[in-house]
Amino acid sequence: MESKVGSWIDTNEENILGKKSIDKSIFKDGTTIPNGLVEKFMSITQAKEFEKGQSENISIIIKNDTFKAVIRRVNQVKRDNVYQINFRKEMKDYLSKVLPKSHKYIFTYNENPDIPKPQEYIEFYKTDKPNIIRVKLIQDENYVFQDELEYQKSVEENASGVGRVIDIKRDFFKYIGTKEENLVPKYQKSYKLVLLISLLKVANEGGKAIFDDVCTDIMSMYINRYKKGVKAETEDSDIQKQIKTLSLEVVKKVMRGTPYEKINGKNFMYITKEKDKEFLSFNSELWNTLDEKDKNMMLDILQYKLKKYYDEKQLGEIMKLEDNFKPKDVLEYIKENITSKSYYYDGELIEDMYLSLKSKPFVILYGISGTGKSNFVECFANSIGANKENEGYTLVPVKPDWSDSSELIGYRNIEGEFQPGILTNIIKEASENKERPYFVCLDEMNLARVEYYFSDMLSIIESRKLIDGEIKTDKIIRKELLGSNAETLKTYGDLYIPENLYIVGTVNMDETTFPFSKKVLDRANTIEFDNIKLDFNFEDYNVKIKDRCYSNKFLKANFLKLVQCVDYKKEVKDVIDKLKKINEILKKSNMQIAYRIRDEICFYVVNAVKDDIMGEEKAFDYAVKQKILPRIQGSSNEVENTLVELFKYFTDENDDILKGDYVDEESIKAAENYIKSEVKYKKTLEKLLQMIRRFHNDGFTTFWN
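Just add 2 to the spot in the sequence shown (first one is 1) and you have the working numbering.
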């Protein structure tokens with residue numbers, strides 16, 4: 003007797019390990035083994051029981067064919083006892099070929115519940131040899147799709163036609179093939195498919211279209227794939243090689259070559275020239291035999307084959323933006339994703355980055371050269387779906403000779419034409435795709451004076467306001483810079499910094515770089531990047547983490563004004579009370595803070611509490627270190643006294659630490675020992691003590707090492 007658990011069917015047949023109805027996983031990856039069958043499946047392995055991350059190679063026999071596979075225990079934090087069998091490409095191709103009905107139902111009809119599902123199964127059997135499984139495939143021989151019945155009927159109805167007309171239509175459908183046929187050797191690239199599809203879409207009633215219009219449609223299709231983060235074609239193709247600057251001439255050259263020659267050689271299409279214009283047409287005899295039903299069927303087959311081509315070439319698929327999530331779960335996913343690439347970041351760096359960007363879309367990452375700051379920005383962006391391929395992540399190396407904003411915003415050339423800068427083009431792209439986050443990494447941003455080339459942008463970021471539910475800023479480009487060209491004014495005149503753009507600057511502090519002014523520091527969270535972990539775990543590297551793409555809702559600011567934190571009055575009051583006491587200390591060396599820093603520290607803490615990322619005290623610790631301490635520097639006694647008083651404040655006025663007016667080595671060591679214990683504001687105290695020690699040794703101190 004059989005019973006069903008999910009897609010698995012419990013059966014008592016002798017030597018059977020398990021029986022499963024055919025689903026998407028069989029064609030994509032393999033299968034996850036249900037908990038109740040793990041012991042059975044593990045009985046065929048040598049180890050009999052696996053540690054997390056452990057695996058063994060196995061062989062799967064189907065009739066007279068043998069395929070390699072892997073049985074493994076998944077190494078993931080949230081999935082403790084998960085076992086899988088992973089098929090290799092050869093077996094997945096074989097299954098697609100011998101189970102075409104299930105494959106069509108799943109990938110063509112998207113498992114439409116209104117369409118009956120083919121009753122097909124895969125059975126796994128134990129053999130008398132270790133690490134070898136025999137598989138039996140049960141096919142639904144009597145299942146027929148409705149569209150196949152209609153096509154057969156159409157062929158039979160046309161069979162009464164005459165000679166060549168029937169022959170050319172039959173030959174054409176035979177040429178494009180059925181959905182079940184293999185793509186190779188007919189379609190080595192996507193070119194013939196897209197040429198036929200675009201001609202079908204653009205052609206007039208006579209089956210004819212301007213060749214430039216057909217190629218423009220093709221070019222748009224390839225560029226749209228690129229913008230969505232998937233490859234337009236294989237790496238060896240002229241289209242993919244030139245995708246970033248793809249032009250109509252390149253597309254025309256490619257299409258006029260082998261694709262057109264092959265189809266024209268079959269007498270199905272041809273190019274003519276009329277009044278200096280080139281036209282691409284279907285053979286009129288063929289076109290006149292096609293009714294709307296034929297054309298729709300033809301388009302359906304071609305589009306299916308194009309999708310199949312991209313799947314088989316593993317050129318990626320468009321990821322759906324995830325819009326329903328808990329921020330804490332997303333942060334755990336980001337950690338897993340980065341760890342799977344064998345990068346390890348200590349403590350709560352991921353949480354800190356999230357809270358910093360959530361409070362203000364401008365963050366400074368500070369650390370010595372070579373610590374992987376820009377790599378971290380890219381990993382963080384990639385983990386939520388923003389990458390170089392879809393233009394969601396852009397690295398901009400700052401040049402030492404930048405003395406104004408022309409490289410970023412743009413300038414007028416000698417002819418008076420506006421030439422957009424790097425950042426302007428990114429802002430335009432982000433403005434057209436506001437549902438997705440965009441990241442700009444200004445690499446080594448203090449190689450030039452930040453105030454010179456970035457001052458305008460800092461001021462514009464401060465102009466953020468909520469208008470009809472959208473965060474907008476003042477316009478980024480002055481009208482006089484754009485000139486009088488109508489097209490330029492239309493394209494760039496109304497650009498503002500969109501709510502989905504996040505700017506992260508990486509900085510070093512050495513003899514080749516410039517220090518920051520308080521104007522810059524007041525407007526950023528400064529994250530210190532100093533704890534490098536050189537660990538490498540081969541098991542982590544082998545873990546496959548499914549790519550995800552999160553909507554901008556994840557990072558979009560919740561608060562722009564303090565009054566918007568009305569639901570968190572207690573937390574805001576607690577923070578402001580502490581800041582008032584800190585400001586009394588800072589006043590003595592003329593380093594007090596104002597409303598901007600007050601508000602952004604409140605936003606940081608409230609976001610942390612609201613999303614259950616950190617407790618109030620820990621979040622306040624991070625925010626003070628990043629918003630207040632970078633502003634403190636100097637060689638006067640007032641600076642030293644300020645640091646000492648701040649240290650005492652964060653130790654609850656503990657007079658046993660750093661006592662007296664003079665700080666000596668003994669008191670510094672006592673302070674170090676104190677910090678090693680469980681203290682509330684560890685990050686701030688560690689940095690304060692580092693700055694005090696530097697003042698003690700050098701007579702000068704600064705936040706920057």
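We put the CB at the ideal spot given by N, CA and C, even for glycine. Since we're looking at a predicted model, the values are computed, not measured.
query	result
Whole-Å CB distance - Phe531 paired with Leu367, under 8 Å assumed	5 Å
Extent of the continuous beta strand (DSSP E) run through Val626	Val626 -> not in any beta strand (DSSP E); alpha helix (DSSP H) instead, spanning 618–629.
Own chain, CB closer than 8 Å to Leu202, minus 5 neighbours either side, in chain order	Lys297, Met300, Leu301, Leu304
According to DSSP, residues forming a beta bridge with Leu139	Ile124
Spatial distance of Asn160 from Val146 (CA atoms)	A caution first: Asn160 carries a pLDDT of 49, below 50, which makes its placement in the model unreliable, though a value can still be read off. Whole-angstrom Cα-Cα distance: 21 Å.
Any beta strand (DSSP E) of 3 or more consecutive residues that is wholly inside the region 270–311	271–276, 279–284
Where Ala596 falls: helix, strand or coil (DSSP)	coil
Collapsed DSSP secondary structure at Gln86 in the structure displayed	strand
Nonlocal neighbours in the same chain, by C-beta distance under 8 Å from Pro399, ignoring five residues either side	Asp445, Glu446
Paired residues, beta bridge with Ala211 - DSSP	Leu282
DSSP beta-bridge partners of Tyr676	Note: Tyr676 sits in no beta bridge, so no partner.
Straight-line gap, Lys685 to Glu314 (C-alpha atoms, nearest Å)	50 Å
The region 406–420 in contact with the region 571–582 per 3-pair CB rule at 8 Å	no
Residue from Asn527, Lys230, Ser286, Ile220 whose Cα sits closest to the Cα of Arg258	Ile220
Candidates Glu350, Lys612, Arg136, Lys343, of which the one nearest Leu333 by Cα	Glu350
Neighbourhood of Thr68 by C-beta distance below 6 Å, restricted to the same chain and skipping five residues each side	Ser61
Supposed contact pair Leu250 and Ile241 - C-beta distance, whole angstroms, cut 8 Å	Actually they do not touch by this definition, with Cβ atoms about 12 Å apart.
Nearest-angstrom Cβ-Cβ length linking Tyr306 and Lys181, presumed shorter than 8 Å	5 Å
Arg695 versus Glu668, Asp325, Ser457, residue with shortest Cα-Cα distance	Glu668
DSSP-derived helix/strand/coil call for Ile63	strand
Phe702 versus Glu640 - alpha carbon distance	11 Å
8 Å contact criterion, which Gly471 and Arg438 should meet: CB distance rounded	Going by Cβ atoms, the distance from Gly471 to Arg438 rounds to 17 Å, so no, they are not a contact pair.
Residue range of the beta strand (DSSP E) that includes Lys315	Counting along the chain, Lys315 falls outside any beta strand (DSSP E), and DSSP gives it neither H nor E.
C-alpha gap between Arg451 and Glu263, whole angstroms	57 Å
Straight-line gap, Ile479 to Phe364 (C-alpha atoms, nearest Å)	19 Å
Of the residues Phe378, Tyr498, Ala488, the one placed nearest Lys467, counting alpha carbons only	Tyr498
Cβ-Cβ distance between Leu690 and Leu648 below 7 Å	yes
Ile340 Cβ short of 6 Å to the ligand COA heavy atom set	You won't find the ligand COA in this model; it holds no ligand whatsoever.
CB of Leu564 within 7 Å of CB of Asp601, strictly	yes
Local conformation of Asp2 per DSSP, three classes	The structure shown does not extend to residue 2, since the chain spans only 3 to 707, so no value can be given for it.
Outcome for Val442 when other beta-carbon atoms lying within 10 angstroms are tallied against a minimum of 16	buried
Whole-angstrom C-beta distance between Ile352 and Ile336, which should lie under 8 Å	5 Å
3-residue-minimum beta strand (DSSP E) runs that sit fully inside the region 349–415, ordered along the chain	364–368, 395–399, 412–414
Helix, strand or coil at Phe441 [DSSP, three-state]	strand
First and last residue of the uninterrupted alpha helix (DSSP H) at Gly267	260–267
Nearest-angstrom Cα separation, counted from Glu237 out to Asp614	44 Å
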